[in-house]
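>
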Amino acid sequence: SFIHILLNNAFFLKIFFPSTKIIIGPLQLHSKLDSGSNLSIMFTGKATYSPIIFPLQLTFKFLLLLTQPFSKLTYSLADKVVCNFNLIKRFYKSSIPAKKIAVIPTGVDLPQISEKVHRDKITIIAVGRLMEHKGQKYLLEAFNELSQKHPQVRLSLVGGGNRMDDYRRYVKDNGLNNKVTFSGNIPYGQTGAKYQDSDIFCLPSLVDTNPVVVQEAMSFGLPVVASDVGAVPEVVANAGIIVKKGRSKLLRDALEKLVINPKLRREMGENGRL
Numbered sequence: 001s002f003i004h005i006l007l008n009n010a011f012f013l014k015i016f017f018p019s020t021k022i023i024i025g026p027l028q029l030h031s032k033l034d035s036g037s038n039l040s041i042m043f044t045g046k047a048t049y050s051p052i053i054f055p056l057q058l059t060f061k062f063l064l065l066l067t068q069p070f071s072k073l074t075y076s077l078a079d080k081v082v083c084n085f086n087l088i089k090r091f092y093k094s095s096i097p098a099k100k101i102a103v104i105p106t107g108v109d110l111p112q113i114s115e116k117v118h119r120d121k122i123t124i125i126a127v128g129r130l131m132e133h134k135g136q137k138y139l140l141e142a143f144n145e146l147s148q149k150h151p152q153v154r155l156s157l158v159g160g161g162n163r164m165d166d167y168r169r170y171v172k173d174n175g176l177n178n179k180v181t182f183s184g185n186i187p188y189g190q191t192g193a194k195y196q197d198s199d200i201f202c203l204p205s206l207v208d209t210n211p212v213v214v215q216e217a218m219s220f221g222l223p224v225v226a227s228d229v230g231a232v233p234e235v236v237a238n239a240g241i242i243v244k245k246g247r248s249k250l251l252r253d254a255l256e257k258l259v260i261n262p263k264l265r266r267e268m269g270e271n272g273r274l
């Protein structure tokens, strides 16, 4: 396994080349899939406990316990362990001495962008797989209410996935065909144009760690509305609004706050590019 290879390499390096500095990382944040509710979200899209989830929960816990001793030994051989965010550092503090951990945030290239001009329509963009645990269901529910009050708002969903047909049906049933766009999977190089043509970015995920799409959107000067999952609150900081996951009304209120306040959109967008 990867852990054994890493351990053996570190072990032999320290024996034969004791002066060699070993740096491990960046460590990733677990999605806490040992939680029954989060496993349920991942597989069913609902945070409700189910007997079917129980054996999966036990399996994840067993694997974590099995690998923990190897992980701790590997960390003890390392001179430095890199984490992307402080949240990840706190997660590993019981396994790794704090003095060994270096926090180096993930970065994205800062693109050249055109100044946003006043437009009659305001576009909310969400980039990600159309799946239960990505939470677009709650975004669509929020948008349905928001668009009734603010008809100038549009929604752009970028990404494919196994819930596309269901979400298209919801859009049709609620008369949103002229307001919601499904782009499907598009080449990575074309997402920049989508960000450039949008005004607000939304990440409604129910389970996530550190989705890079948040930083991409911020690099294009978009204010963010996102769920309180993983390292997202730490990444967004003062560049957006964080809401409790799985709450369509909270998403609606946060999005409306940005829709009606162009000054706030601009300020948060500028904060994200700093």
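In the working numbering, the protein residues as written are 1 to 274.
Ideal placement from N, C-alpha and C gives every residue a C-beta, glycine not left out.
If you're wondering where the values come from, they're calculated on a predicted model, not measured in any experiment.
#1: DSSP three-state call for K249: helix, strand or coil?
#2: Could you give the residue range of the alpha helix (DSSP H) that holds I88?
#3: May I have the straight-line CA-CA distance separating G107 from V207, to the nearest angstrom?
#4: Would you mind sorting L73 into buried or exposed? The rule is 16 or more other CB atoms within 10 Å of its CB.
#5: Can you name, in chain order, every residue of its own chain whose Cβ lies under 6 Å from the Cβ of T123, other than the five neighbours on each side?
#6: Report the CB separation of A239 from M218 in whole angstroms; it is logged as a contact under 8 Å.
#7: Within 10 angstroms of the Cβ of E270, are there 16 or more other Cβ atoms? Answer buried if so, exposed if not.
#8: Mind checking which residues open and close the beta strand (DSSP E) that includes L155?
#9: According to DSSP, L203 sits in a beta bridge with which residue or residues?
#10: Identify every residue that forms a DSSP beta bridge with K80.
#11: Are there 16 or more other CB atoms within 10 angstroms of the CB of V81, so buried, or fewer, so exposed?
#12: Straight-line CA distance for F182 to V158?
#13: How many Å lie between K14 and L77 at the Cα?
#14: Per the DSSP calculation, V232 is bridged to which residue(s)?
#15: Take L139 and list the residues in its own chain whose beta-carbon comes closer than 7 Å to its own, dropping the five residues that flank it on each side.
#16: Does DSSP put S1 in a helix, a strand or coil?
#17: Return yes when the Cβ of R273 is within less than 8 Å of the Cβ of L110, no when it is not.
#18: With a threshold of 8 Å on Cβ separation, who are the neighbours of L264 within its own chain once the five nearest residues in sequence on each side are excluded?
#19: Can you tell me where the beta strand (DSSP E) holding A126 begins and where it ends?
#20: Going by DSSP in three states, V171 sits in which element: helix, strand or coil?
#21: Quickly, what does DSSP pair I96 with across the bridge? List them, please.
#22: Taking G161 as the reference, which of K137, I101, F85 and L27 has the closest Cα?
#23: When DSSP labels each residue in this structure, what does I260 get in the three-state scheme?
#24: Leaving out five residues before and five after N174 in sequence, what residues of the same chain have Cβ atoms less than 6 Å from its Cβ?
#25: Taking 8 Å as the threshold (C-beta atoms), are A231 and I242 in contact?
#26: Around the Cβ of N84, are there at least 16 other Cβ atoms within 10 angstroms (buried) or fewer (exposed)?
#27: State yes or no: is the C-beta of Q215 nearer than 7 Å to some heavy atom of the ligand PLP?
#28: What residues match up with G161 in a beta bridge as DSSP calls it?
On the basis of the data shown:
#1: In the sequence shown, the residue the question calls residue 249 occupies position 249. In the three-state reduction of the DSSP assignment, K249 falls in the helix class, which pools H, G and I.
#2: Locating residue 88 in the sequence shown gives position 88, counting from the first residue. Here the alpha helix (DSSP H) through I88 covers N86 to F91.
#3: Taking the first residue of the sequence shown as 1, we reach residue 107 at position 107. Taking the first residue of the sequence shown as 1, we reach residue 207 at position 207. Their Cα atoms are separated by approximately 21 Å.
#4: In the sequence shown, residue 73 corresponds to position 73, counting from 1. Counting Cβ neighbours within 10 Å, L73 comes out exposed, since fewer than 16 surround it.
#5: For the purposes of this step, residue 123 is taken as residue 123 along the sequence shown, with counting starting at 1. Correct list, in chain order: R154, S156, S198 and D199.
#6: In the sequence shown, residue 239 corresponds to position 239, counting from 1. In the sequence shown, residue 218 corresponds to position 218, counting from 1. Correct: roughly 5 Å between the Cβ atoms.
#7: What you label residue 270 is simply residue 270 of the sequence shown in a count that begins at 1. That one is exposed.
#8: Counting from 1 along the sequence shown, the entry for residue 155 is found at position 155. Here the beta strand (DSSP E) through L155 covers V153 to V158.
#9: For the purposes of this step, residue 203 is identified with residue 203 of the sequence shown, where counting begins at 1. According to DSSP, L203 bridges with A226.
#10: Position 80 of the sequence shown, counted from the first residue, corresponds to residue 80. K80 pairs with I23.
#11: For this step, residue 81 is matched to residue 81 along the sequence shown. Buried: at least 16 other Cβ atoms inside 10 Å.
#12: Residue numbering aside, residue 182 sits at position 182 when the sequence shown is read from its first letter. Residue numbering aside, residue 158 sits at position 158 when the sequence shown is read from its first letter. So the alpha carbons of these two residues sit roughly 6 Å apart.
#13: Looking up residue 14 in the sequence shown gives position 14. Looking up residue 77 in the sequence shown gives position 77. K14 and L77: Cα-Cα distance of roughly 8 Å.
#14: Here residue 232 is taken as the residue at index 232 of the sequence shown, counted from 1. According to DSSP, V232 bridges with nothing at all.
#15: The count along the sequence shown starts at 1 and reaches residue 139 at position 139. Once the five neighbours on either side are set aside, the close Cβ partners of L139 are A126, C202, P204 and L251.
#16: As a first step, residue 1 must be located in the sequence shown, where it is residue number 1. Residue placement at S1 is flagged as unreliable, the pLDDT there being 42, under the threshold of 50; the coordinate-derived value follows with that caveat. In the structure shown, S1 sits in coil (DSSP, three-state: anything other than H, G, I, E or B).
#17: Sequence index remark: in the sequence shown, residue 110 carries index 110 (1-based). Sequence index remark: in the sequence shown, residue 273 carries index 273 (1-based). It is a contact, given that the beta carbons lie within the stated cut-off.
#18: Locating residue 264 in the sequence shown gives position 264, where the first residue counts as 1. Answer for L264: P223, K257 and L258, listed in chain order.
#19: Locating residue 126 in the sequence shown gives position 126, counting from the first residue. Here the beta strand (DSSP E) through A126 covers I122 to V127.
#20: Sequence index remark: in the sequence shown, residue 171 carries index 171 (1-based). It is helical.
#21: Locating residue 96 in the sequence shown gives position 96, where the first residue counts as 1. Bridge pairing for I96: absent [DSSP].
#22: Translated into the one-based positions of the sequence shown, residue 161 becomes position 161. Nearest option by C-alpha distance: K137.
#23: To locate residue 260, count along the sequence shown from 1; it is residue 260. Coil, per DSSP.
#24: On the sequence shown, residue 174 is found 174 positions in, with the first residue counted as 1. N144.
#25: By 1-based counting over the sequence shown, the position of residue 242 is 242. By 1-based counting over the sequence shown, the position of residue 231 is 231. No, these two residues do not count as a Cβ contact at 8 Å.
#26: Numbered from its first residue, the sequence shown carries residue 84 at position 84. By the 10 Å Cβ count, N84 comes out buried.
#27: As far as ligands go, the structure on display features none, and thus does not contain the ligand PLP.
#28: To locate residue 161, count along the sequence shown from 1; it is residue 161. Under the DSSP definition of a beta bridge, G161 lacks any partner.
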